[in-house]
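Under my numbering, the residues of the sequence shown are numbered 1 to 136, in order. Please read the structure below before turning to the comments.
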Amino acid sequence: MNMGTKLICSNKKARRNYDILETFEAGIALVGSEVKSLRAGKASMNESYARIADGEIWLVQFHISPYTHANVFNHDPIRPRKLLLHKQEIRRLIGKITEKGLTLVPLRAYFKNGRAKVELALGKGKKIHDKREDLK
Numbered sequence: 001m002n003m004g005t006k007l008i009c010s011n012k013k014a015r016r017n018y019d020i021l022e023t024f025e026a027g028i029a030l031v032g033s034e035v036k037s038l039r040a041g042k043a044s045m046n047e048s049y050a051r052i053a054d055g056e057i058w059l060v061q062f063h064i065s066p067y068t069h070a071n072v073f074n075h076d077p078i079r080p081r082k083l084l085l086h087k088q089e090i091r092r093l094i095g096k097i098t099e100k101g102l103t104l105v106p107l108r109a110y111f112k113n114g115r116a117k118v119e120l121a122l123g124k125g126k127k128i129h130d131k132r133e134d135l136k
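Laid out in structure tokens, this is it:
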């Protein structure tokens with residue numbers, strides 16, 4: 001039963017501010033009310049980034065609005081969310097980030113076969129003059 005992909009939100013500034021070298025697909029560990037808010041399209045990843053801590057990758061500043069029909073114990077809108085990748089992929093990413101000074105940037109969030117996913121990219125920050133050249 002293939003349900004396809006449904007885009008939730010995208011990081012429009014990511015391609016402007018970073019040279020994208022490689023992309024990865026990662027799952028997100030969410031609670032129930034977060035999934036319902038995502039299905040309603042109430043998310044923003046404009047200021048979000050991925051961080052590595054204790055051998056795990058965390059998505060930080062990914063804003064998921066509280067679900068309107070949930071009870072008082074709703075989720076925190078900008079809590080750090082764990083990204084689900086294989087250990088071998090995480091080790092490879094850690095090596096590239098520490099070695100070359102690259103950054104993990106989330107590009108878009110979407111549902112794939114009913115599961116919430118994030119497309120992560122390894123990117124190198126652009127200088128101001130590089131951004132101007134891209135606009136021309």
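Heads up, the beta-carbon is just placed ideally off N, CA and C, and yes, glycines get one too.
Item checked: Which residues DSSP lists as bridging P211, in chain order -> This structure leaves residue 211 out entirely; the chain is present only between 1 and 136.
Checklist line | beta strand (DSSP E) segments (min. 3 residues) lying fully within the segment 17–104 | finding: Taking only runs of at least 3 residues, the beta strand (DSSP E) segments lying wholly in the segment 17–104 are 18–28, 49–53, 56–60 and 81–84.
Item checked: Same chain only: Cβ atoms within 6 Å of G101, ignoring 5 sequence neighbours per side -> Here residue 101 corresponds to residue number 101 of the sequence shown, with the count starting at 1. Cβ within range, chain order: n/a, list empty.
Item checked: DSSP beta-bridge partners of R115 -> Taking the first residue of the sequence shown as position 1, residue 115 is located at position 115. Partner(s): K112.
Notebook entry, point to check: Leaving out five residues before and five after S44 in sequence, what residues of the same chain have Cβ atoms less than 7 Å from its Cβ?
Noted result: Your numbering for residue 44 matches position 44 in the sequence shown. C9 and H63.
Check: Counting along the chain, where does the beta strand (DSSP E) carrying K126 start and finish?
Finding: Here residue 126 corresponds to residue number 126 of the sequence shown, with the count starting at 1. For K126, no beta strand (DSSP E) segment is defined, and its DSSP state is neither H nor E.
Check: Which whole-angstrom value describes the C-beta separation of G123 and T98, a residue pair presumed to lie in contact below a C-beta threshold of 8 Å?
Finding: Residue mapping note: residue 123 aligns to position 123 of the sequence shown, counting from 1. Residue mapping note: residue 98 aligns to position 98 of the sequence shown, counting from 1. The pair is not a contact, with the Cβ atoms about 15 Å apart (cut-off 8 Å).
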